[in-house]
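From first to last, the protein sequence lines stand for chains P, F and D. Counting from 1 along the first sequence, just add 33 to a position and that's the residue number in the numbering used here. Counting from 1 along the second sequence, just add 9 to a position and that's the residue number in the numbering used here. Counting from 1 along the third sequence, just add 3 to a position and that's the residue number in the numbering used here.
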Amino acid sequence: MNGWVHRIRDSDLYWSFTRSKLVVVSAAITLLFFIGAFGAPLVAPHNPFDLASLELTDALKPPVWIDGGDAAFLLGTDDQGRDVLSTILYGSRISLVVGFLSVLFALVLGVGLGLVAGYAGGMVDALIMRLADVQLSFPAILIALLIDGITRSVIGQDRHSDIAVFVLIVSIGLSYWVHYARTVRGSVLVERTKEYVLAARVIGLPGPLIALRHVLPNVMGPVLVIATINLALAVITEATLSFLGVGVPPTEPSLGTLIRIGNNFLFSGEWWITLFPSAALAVLVLSVNLLGDWLRDALNPKLR
Amino acid sequence: MSEAAPLLEANGLKCHFDVSAPLLNRLLEHQPRQVVRAVDGVSFRIDKGTTFGLVGESGCGKSTLARLVVGLYRPNAGAIRFEGVDLAAGTARTGSKSPQARMQMIFQNPYASLNPRWRVADIIAEPLRFRNLVHGRAAVSARVAELLRQVGLSPADAQRYPHEFSGGQRQRISIARALAGEPDFLVCDEPTSALDVSVQAQILNLMKDLQRRLGLTYLFISHNLAVVYHVSDTVGVMYLGRLVEWADTESLFRRPQHPYTRMLLDAIPDLAMTGRPRTPVAGEVPSPLDPPPGCAFHPRCPFANARCRSEVPQDTKLPGGAVACHAVAEGRLPAWKEYGA
Amino acid sequence: MDPLLQVRHLRVEFPSRRGALTAVDDVSFGIAPGEILGMVGESGAGKSMTGAAIIGLLEPPGRISGGEILLEGRRIDDLPQGELRKIRGRKIGAIFQDPLTSLNPLYRIGDQLTETILTHLEMSPVAARARAVRLLEEVGIPAASERLDHYPHQFSGGMRQRVVIALALAAEPRLIIADEPTTALDVSIQAQIIGLLKRLGHQHGTAVLLITHDMGVIAETSDRVAVMYAGRIVEIGPVADIIKRPRHPYTVGLMGAIPDMSRKVERLVQIEGAMPRLDAIPSGCAFHPRCPRAIARCRAERPELLAAGSSHAACWLAGEVVHV
């Protein structure tokens, strides 16, 4: 165990990490978000999803440092009486869960298809790449909207609310797999001609085994970087969909939902409902993006 | 040249690559099909326990031939027999005693021939595990340690990653991996070309030791004539996909027959500084896409005649080898001042 | 005769997070006008770095951290970039290993040649073009005036290297630094290029610093040779002496490791171990851990280049007769 810790401390990755204050701060912020979001039941002062605990009399209270504010609701409340701070925390959880799982889905799908396309070549490759090309001509939001809409009409509104999160994950995931597939395919094409792959073929290993055991570990590098940047994109996409009203159900608001709700009240002066969730979203996405940038540079051997 | 059956025999091997432009481009731009005749009718034999050295310059097809022998490419024509068994017959490479299983390969680039994400132990153990040569974790570790010792590394190196080793050490690991499959026959594709001179000496000595101890047979490919001279019992010279001459090492180097072989030997830098007179080298290797008709060497050959320009020379058998040259067949090749004399 | 190039106690360092790594450590040598000096060594010995330092093309963060480089008596290592650029090309030409990347694929050969000529020499574009044609003929490219309008990809590897040589000669430099000029070429082409370099050197009186790992190439071309190991020159002298009667144990081992086509040996001479990495250079003589004749003094004191016969070897035992 000790040796392992030392290896990390000595590694180039750790060194480049500690060199940049910006990256360390970004990592800290992201970590904070995680703790806040997943520890929400412990950390948040209220539970905004518990409809029974909401009091309409608490509605539209401003943040605590403004006249009329209440110490129980640090950042104010929305039109339903939900504590903005708590909703940000709980909502972040949904955003992060949806973000993560959709990235995971896109990753598995994209890497898998890219690996098959790159290693098998020929017709299979051509087919998968044409599929990717077709999909790229549609904007991601549009695809997510399409899938979401189709599911709603097929399953029905009520059943849809139950599985809304899963539909969201699948639709966002389906709109982002292409990037992974193309990158992986490119790397696989390069690795396939390398001599360690030839050596495995000489030993007698069958193609799929070689692709999985030998080639895959060597093409995952850029995938990690894409995934972190993709996470930010996925969170924003979810927020956009929720903002448009086709994301999570309104009883379990995510950051996007909050922003939408707050939008209606902007001009009547209750600015805090939109501002704080937007700021939270921006900070989260920025931190994850900076981490992704750092990772890309740190993993690039030419810059070391 | 023993009368016993050779370990490996190749007859009329051909391997062509279609490098034509895509169909649409060809139709629209009226481009012809383009084929690279990487290997164009090669026959040779290798006896057990010997080293067959294959030399040639870029584009001669020696690497393609290596990959043909070991099964990475399929020949378009011709046959390869390993201990009399035609390799094209059995399709699968399964079974620990199938011909393909007894052949292994060592590659040129020590930095690309080991999977950078795998530990050395797993790299070497892969043939063991795949072919079930050894059973059980402990037995596998023991065999890996033994192989590492055989190639001059320490068993503790098994837990490290390839990037922690130098080029020469990585070639040793490649050799250990090849030996793990318990081969009888090793195809070595420029195994020392990427190494420094002193490291090359270590690896060549190691390979010779292993050959003696384990009774291995080598097909050794290199562009470096001095290295081939040092390791080989028999040497073949390739030019644009054809084997233009082959003979036992001393005969080929002291009394080369083919004009190309003579040109190659003349071109080698004179390390002994004998100040010997040299025939100036003419021209360059033509593109394999558009080889000259007849004998591929005729544009650069001082002895070319009309027949050379139109007819592909067949093998002329000599004691201990063969040459594919009209001038030799017609007896009009002058004697050559013996190299090193 | 005053040396054309004089390198004194040159030191090239690379800052790294493990401290400064010394790639070239106190290297001194000179090249006379018209002389071909071979610089031979294995990978990591520092020979390419030396060449790069002389011509001012060291890649940052590498830098010259000590010593001086004098060309025709003038220091060139401390010149500002603008001055250095004038010297580069006009006084010093360069030939690198890979002919494919040495030429700009988007420009015609003629344009690249005339651009170099016009940058350094005063003449009209017409005269420059005529000079370019003459250069191509000199390096042995047939149909030079037509080939002037071709692009690099229309030349074969050997022809491209000839064009690179023509480019290096374009402004009539006094010194050419050739870094592994024949390594990427076939042996038959290599012979042609070696012959060309020798002939041109003698005809134009151009000195050449020929950097290579191939002793055979050195034997064919060079007047003197410097053997490098771990950033230091371990032996320097006339080429016949060094090859036939090497004094330094490393050179002895190196010559023994090269397969000899005049007689078959069972085993090649083997130097155990490998060249030390830059961050682990041994104390005293850098070769001592691998040297079969090391004594206590070798571990403690770094040897200077001592006279041994008509050459110099950095070995405390250099004075003693060494077998071949």
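Note that the Cβ used here is the ideal one computed from N, Cα and C, for glycine as well.
DSSP-derived helix/strand/coil call for residue i
| i | result |
| --- | --- |
| F:A185 | helix |
| F:A101 | Any answer about F:A101 is weak, because its pLDDT of 44 lies below 50 and its placement is not dependable; what the coordinates show is given next. F:A101 falls in the coil class under three-state DSSP. |
| F:H172 | helix |
| P:D91 | helix |
| F:N124 | coil |
| D:L309 | strand |
| F:W255 | strand |
| P:T307 | helix |
| P:M156 | helix |
| D:G44 | coil |
| F:S67 | coil |
| F:P343 | coil |
| F:S202 | coil |
| F:S231 | strand |
| P:I205 | helix |
| D:T186 | coil |
| D:D244 | helix |
Close-in-space but distant-in-sequence residues of the same chain around residue i (CB under 8 Å, 5 per side omitted)
| i | result |
| --- | --- |
| F:H307 | P301, A313, C317 and R318 |
| P:N80 | P74, S86, S119 and Y123 |
| P:W305 | P95, P96, L108, G109, V117 and G295 |
| P:A92 | T110, D111, D112, Q113 and G114 |
| F:G176 | P119, Y120, A203, L204, D205 and V208 |
| D:L151 | R111, I112, G113, L116, R132, A135, V136 and L139 |
| D:L199 | V142, G143, R165 and I168 |
Minimum Cβ-Cβ distance from residue i to chain F less than 8 Å
| i | result |
| --- | --- |
| D:I261 | yes |
| D:R270 | yes |
| P:H247 | yes |
| P:L319 | no |
| P:P250 | yes |
| P:I243 | no |
| P:Y229 | yes |
Min CB distance residue i to chain D below 8 Å
| i | result |
| --- | --- |
| F:Y238 | yes |
| F:C334 | no |
| F:Q211 | yes |
| F:A281 | yes |
| F:G329 | no |
Option nearest residue i by Cα separation, candidates the options
| i | options | result |
| --- | --- | --- |
| F:W345 | F:L280, F:P268, F:K217 and F:T201 | F:P268 |
| F:D324 | F:L17, F:G50 and F:L37 | F:G50 |
| D:D226 | D:F17, D:G33, D:L13 and D:G287 | D:G33 |
| F:F53 | F:V149, F:R138, F:T201 and F:K71 | F:K71 |
| F:A47 | F:G65, F:I55, F:T60 and F:H25 | F:H25 |
| P:D83 | P:T284, P:D330 and P:L277 | P:T284 |
| P:L140 | P:A153, P:R126 and P:W210 | P:W210 |
| D:H207 | D:E307, D:A171, D:D80 and D:G59 | D:A171 |
| D:I90 | D:L40, D:R177 and D:G70 | D:R177 |
With 16 other Cβ atoms within 10 Å as the buried cut-off, status of residue i
| i | result |
| --- | --- |
| D:K50 | buried |
| P:L245 | exposed |
| F:Y248 | buried |
| P:V280 | In the sequence as presented, Val is not what sits at residue 280 of chain P; that position holds Gly. Buried is the call here. |
| P:F171 | exposed |
| D:A147 | buried |
| D:R202 | exposed |
| D:P102 | buried |
| P:A150 | buried |
| D:I179 | buried |
8 Å Cβ cutoff, residue i in contact with chain P
| i | result |
| --- | --- |
| F:F139 | yes |
| F:G190 | yes |
| F:P135 | Contrary to the premise, residue 135 of chain F reads as Glu rather than Pro in this sequence. Cβ-Cβ to chain P under 8 Å: yes for F:E135. |
| F:L81 | yes |
| F:N118 | yes |
Proximal residues to residue i (C-beta, below 7 Å), its chain only, five neighbours per side dropped
| i | result |
| --- | --- |
| D:V129 | none |
| P:L137 | none |
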